[in-house]
Amino acid sequence: MTDKGEVDTITDINIDSVSELDIDADSGDGHGHSDGPITLRTTTSLQALKMENSAIWKESIASAGFTGDLVVPSDADYDSALNRFARNARRNAGLVAFAKSPQDVSLVINHASTNRIPLVIRGGGHSTSGSSSTQGGIVVDLSRHLNTVRVDEANKLGYVGGGADWAAVDAETIKYGLATVGGTVNHTGVVQATIVTADGSILTVNETTNSDLFWGIRGGGCNFGCVTEFVFKLHPQPRHVFAGPLIFPYPRIAEVAIAAEQWYASAGDKEGLVIITTNKGMSGGPELVVIVFFNGDEDEGRRRYKPLFDLGPIMSLAGMIPFEKLNAMQNDNISYGQNYHLTGFTRPSLPPDVASKAFDMLVEIANAPSEADLQMVLIWEYHILRKLSSVSPDATAFPMRVQRPLTVMLVTWNKDSDQLTADAKSRLKRLQAFCEGALASVFDEKGGKTAYDTGYTNTEMGDPGSVDVARAMYGTNYPRLQQLKKKYDPNMMFKTWYPILPAA
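Under the working numbering, the first residue of the sequence shown carries the number 312, and numbering increases by one thereafter.
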């Protein structure tokens, strides 16, 4: 910088947008802002600066020995490199680094740290909040190369790349008659991980090595670094399970809720179901679907779900299916690349009148006039949480060891604009407020929420970018997490997903 605050070189400026400049100044107010006036160039010139900056980053990282793929805005595959599960979570990164190894990740982290460039980690890219995307910064993307799964059959361990999805995990592990943690298996899973921390160190973490960090990543997400590999305990798993959807006329939601609560009161560890309600199903109108699961044979599965089958669904597609198809059953209804927003809440139970009123409110809110084609989904989960809640809240960073199932809420819309995004989120917020208000008396009857009913971060409750939300989510574990943040990421390189403030 000159003493007049004019830009001398493109390396002096990190541009996230035309309206937000982070000047790397040697003088000024101590926050990177010069005392003198800053000479801005035209939008075209600013864009050129960004492009040239990205090219310099690419050249520098490549020359340091990076072995993966480095993609910048001038590359042909740049647009596809930005793709996310939620289209509204896309951001125009300055560079996307598709790492092939922990060493690659370390190189990129060191480059970003040295040059004070914003950095985020993308594993599966399933966040709807944009936490795995950056506007103008660097993305370390694990999905292209660090996405494999390897099974150690003798020791019943699965080595899973940080960019792998559950489709890859299920498909590989079931070849050996094994499975691990997922939406349908209630076992403790992670036994080890490889993580690259903010100073570029590549660490193995488990119960005996870097055990403090091992505690922190099990619930603390990407606050402490980039996990390039997980090691999961595997468990014997039948190759076929009983599962599938039961479709009911939507006015029968109260009866379905009664049957589900009746079943849930005595459900075993091998069972689970979800009730899905939406304003726009396959017929184009309101739809009520129950997906059942039993980790066993069909005859026993039908006996377990007799209260629901006795209601007489208008269509039943439940039957024996390959295990690896179980978590893919909803893929067609939640396709990759649409606009999505996700949130949720816990509940003690689902009274039939609440289920009915919530469905009516969902339809009313979702079908109110909009410029977009909008769909809202309310999912009442009935997972068996005894094993999860038997673990002490301070055994890992994840404190929510409660036997209260989740209700997941999702909205999707088909047109891109800030106004429509805000409208979609507002509608979901209204529905959540209605549902939680309707359930307030039920919570009171059950003794209220416990100190550990803090929220499930994977459903992106609250604002995932908020420090205050993170503090509330982690509850009594937060001070310990702050100490870990001070040790492993004192300068808050990793801060896009429920950011933890380092201890003073």
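Where a beta carbon is used, it is the ideal one built from N, C-alpha and C, also for glycine.
Runs of 3 residues minimum, wholly inside the region 603-647: which ones carry the beta strand (DSSP E) assignment?
630-633
Evaluate contact between the region 738-751 and the region 699-715, counting only Cβ atoms and requiring at least three cross-stretch pairs below 8 Å.
no
Specify whether the region 711-721 and the region 644-662 touch according to this definition: at least 3 beta carbon pairs, one from each stretch, less than 8 Å apart.
yes
Given that a residue counts as buried once 16 or more other Cβ atoms are within 10 Å of its Cβ, and exposed if not, what is THR723?
On the sequence shown, residue 723 is found 412 positions in, with the first residue counted as 1. The residue is buried, with at least 16 neighbouring Cβ atoms inside 10 Å.
Where does ILE676 sit, in a helix, a strand or coil, going by DSSP?
Working through the sequence shown from its first residue, we reach residue 676 at position 365. It is helical.
So, under 8 Å CB-CB, ALA366 and SER385 are touching, yes? Tell me the CB distance rounded to an integer number of Å.
For the purposes of this step, residue 366 is identified with residue 55 of the sequence shown, where counting begins at 1. For the purposes of this step, residue 385 is identified with residue 74 of the sequence shown, where counting begins at 1. Confirmed, about 7 Å.
Would you mind giving the Cβ-Cβ distance between TYR561 and PRO618, rounded to the nearest angstrom? I have them listed as a contact below 8 Å.
Taking the first residue of the sequence shown as 1, we reach residue 561 at position 250. Taking the first residue of the sequence shown as 1, we reach residue 618 at position 307. So it is not a contact: roughly 19 Å between Cβ atoms.
N- and C-terminal bounds of the beta strand (DSSP E) containing ASN650:
Translated into the one-based positions of the sequence shown, residue 650 becomes position 339. Where ASN650 is concerned, the enclosing beta strand (DSSP E) stretches over 650-657.
Opposite MET556 in the DSSP bridges: which residues?
Stepping through the sequence shown from its first residue, residue 556 is reached at position 245. Inspection of the sequence shows that residue 556 is occupied by Pro rather than by Met. For PRO556, which the question treats as bridged, DSSP gives the partners ILE602.
So, under 8 Å CB-CB, GLY434 and GLY473 are touching, yes? Tell me the CB distance rounded to an integer number of Å.
Numbered from 1 along the sequence shown, position 123 holds the residue referred to as residue 434. Numbered from 1 along the sequence shown, position 162 holds the residue referred to as residue 473. Yes, GLY434 and GLY473 are in contact; Cβ-Cβ is about 5 Å, under 8 Å.
Reduced DSSP category for TYR767 - H, G, I as helix; E, B as strand; rest coil
The sequence position of residue 767 within the sequence shown is 456, counting from 1. Coil.
In three-state DSSP terms, what is GLN414?
Within the sequence shown, the letter at position 103 stands for residue 414. Reduced to three states, the DSSP call for GLN414 is helix.
Quick one: what's ILE449 bridged to in DSSP?
In the sequence shown, counting from the first residue as 1, residue 449 sits at position 138. Answer is LEU406, LEU430, bridged to ILE449.
Roughly how many angstroms separate the alpha carbons of MET593 and GLY379, rounded to a whole number?
Counted from its first residue, the sequence shown places residue 593 at position 282. Counted from its first residue, the sequence shown places residue 379 at position 68. Spanning the alpha carbons of MET593 and GLY379 requires a straight line of approximately 42 Å.
Using 8 Å as the threshold, is the C-beta distance between THR505 and THR539 below it?
The count along the sequence shown starts at 1 and reaches residue 505 at position 194. The count along the sequence shown starts at 1 and reaches residue 539 at position 228. Yes, they are a contact pair.
Any heavy atom of the ligand ZN closer than 7 Å to the beta-carbon of GLY435?
This structure lacks the ligand ZN, and indeed carries no ligand of any kind.
Do VAL451 and VAL471 have their CB atoms nearer than 8 Å?
Translated into positions along the sequence shown, residue 451 becomes position 140. Translated into positions along the sequence shown, residue 471 becomes position 160. Cβ atoms of VAL451 and VAL471: not closer than 8 Å.
Among VAL778, LYS544, THR508, which one has its Cα closest to the Cα of GLY527?
As a working mapping, residue 527 is identified with position 216 in the sequence shown. Here the closest residue by C-alpha is THR508.
Tell me the start and end of each unbroken alpha helix (DSSP H) in the region 700-762 that is at least 4 residues and wholly inside, in chain order.
729-756
Using the three-state DSSP reduction, which class does GLU692 fall into: helix, strand or coil?
As a working mapping, residue 692 is identified with position 381 in the sequence shown. Reduced to three states, the DSSP call for GLU692 is strand.
Which of helix, strand or coil DSSP assigns to GLY786
Start at 1 with the first residue of the sequence shown, and residue 786 comes out as number 475. In this structure, GLY786 counts as helix in the three-state DSSP scheme.
Can you check DSSP and say which residues form a bridge with THR515?
Position 204 of the sequence shown, counted from the first residue, corresponds to residue 515. According to DSSP, THR515 bridges with THR505.
Would VAL416 and ALA423 be called neighbours here (beta carbons separated by less than 8 Å)?
By 1-based counting over the sequence shown, the position of residue 416 is 105. By 1-based counting over the sequence shown, the position of residue 423 is 112. No, they are not a contact pair.
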